Amino acid sequence: MTGADAPTWLAEGCPAWCAREHLEDDHPEDRYHHSEPSLVPAVAATADTVPVTASLESMTLVVWLGRHVGTPLVWVAIEPAERREPRLVLTEESARALHEHLGHQLALTEP
Ligand SMILES: [Zn+2]
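Okay, so the sequence shown: first residue is 1200 according to the working numbering, each after it adds one.
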């Protein structure tokens, strides 16, 4: 979040959704805005198994928004809380399309 003692490299305001504390000594690759993550309890398969459901396990999925400082591209990341992979990073537009298509697919299961 942008504050009175914002780092010198942060020449822009944070987007309204940014919950990250930006520090003067943040590594250049870590200079991005980050939303408060949503935690999603899930049962998911993360390995390439046969059948595909063989690797189902309980986990917490973390969903968050990011945007590099100085660029307009907003991304949505989905990753297990316990590890970094598999990580799915989508542009905002792609995430909205995924959201729509998840709705369509799940509607097929409704009686
Ligand atoms: Zn920020």
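Just so it is clear, CB atoms sit at the ideal spot from N, CA and C, and this is done for glycine as well.
Given the structure is predicted, the values throughout are model-derived calculations rather than measurements.
Quiz item: When the Cα of S1237 is compared with those of E1299, G1265, A1296, which residue comes out closest?
Solution: G1265
Self-check item: Delimiting residues of the alpha helix (DSSP H) encompassing S1254
Solution: Where S1254 is concerned, there is no enclosing alpha helix (DSSP H), given that its DSSP letter is neither H nor E.
Practice problem: Would you tell me roughly how many angstroms separate the C-alpha atoms of P1227 and A1205, rounded to the nearest one? | Solution: 15 angstroms
Practice problem: With a threshold of 7 angstroms, establish whether the CB of H1267 neighbours any heavy atom of ligand 1. | Solution: no
Quiz item: Is it buried or exposed for A1294, if we count other Cβ within 10 angstroms and need 16 for buried?
Solution: By the 16-neighbour rule on beta-carbons within 10 angstroms, A1294 is buried.
Quiz prompt | Residues that DSSP places opposite T1270 in a beta bridge | solution = For T1270, which the question treats as bridged, DSSP gives no partner whatsoever.
Quiz prompt | Alpha-carbon to alpha-carbon, V1275 and E1235 | solution = 12 angstroms
Quiz item: At which residues does the alpha helix (DSSP H) containing S1293 begin and terminate?
Solution: 1291-1306
Quiz item: Skipping 5 residues on each side, what residues in its chain have a beta carbon closer than 6 angstroms to that of E1291?
Solution: V1273
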